[in-house]
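Residue numbers (this note's numbering): 995 to 1144.
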């Protein structure tokens, strides 16, 4: 997922960096405020992501476990509060980013962040023991990675 997120920022960030304007987000229905369904250990593409419940929501830590990805790290914090969750993403050598929840349906949540030249989107969807992470823009979804529980 680390290379996935880096490619997202490479695709959407202008040479001057990320936009700092607040994300215009649609109203989101309030649910339990938790993203419990993200919890657990997820593996895919030489990466392992561990997601644990926190007082504010859920925090995920991802690292590379294959030879090609060893040493890669990402920190994700899905913080809930009020009507929307925030996704704070921290990667090595890339400024921290904050995505705002714009949609939630069952075991799927979509986040957006304004960037120079448009809008970056991330969607997390769980179906059984598969977690699908998609990246895209306001024009559509570019690509996806799949993780398996365990």
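Think of the CB as a built atom: it goes at the ideal place given N, C-alpha and C, for glycine as much as any other residue.
Keep in mind the model is a prediction, meaning the values are calculated, not measured.
Residue environment for residue 1091: buried (at least 16 other C-beta atoms within 10 angstroms of its C-beta). Annotated three-state conformation of residue 1032 is helix, per DSSP. Straight across, the Cα-Cα distance linking residue 1052 with residue 1071 is about 6 Å. Residue state for residue 1039 is assigned as coil, using DSSP reduced to three classes. For the set 1078, 1124, 1050, the Cα lying nearest the Cα of residue 1093 is the one of 1078. Remark: C-beta atoms of residue 1060 and residue 1040 approach each other more closely than 8 Å. Taking the Cα positions, residue 1119 is about 12 Å away from residue 1129. In this structure, the beta-carbon distance from residue 1141 to residue 1058 does not fall below 8 Å.
In the DSSP assignment, residue 1080 falls within the unbroken beta strand (DSSP E) covering 1078 to 1085. Per the C-alpha coordinates, the member of 1108, 1100, 1056, 1064 positioned closest to residue 1085 is 1056. In this structure residue 1121 is exposed. Its beta-carbon is surrounded by fewer than 16 other beta-carbon atoms within 10 angstroms. The bridge partners DSSP lists for residue 1075 are 1078.
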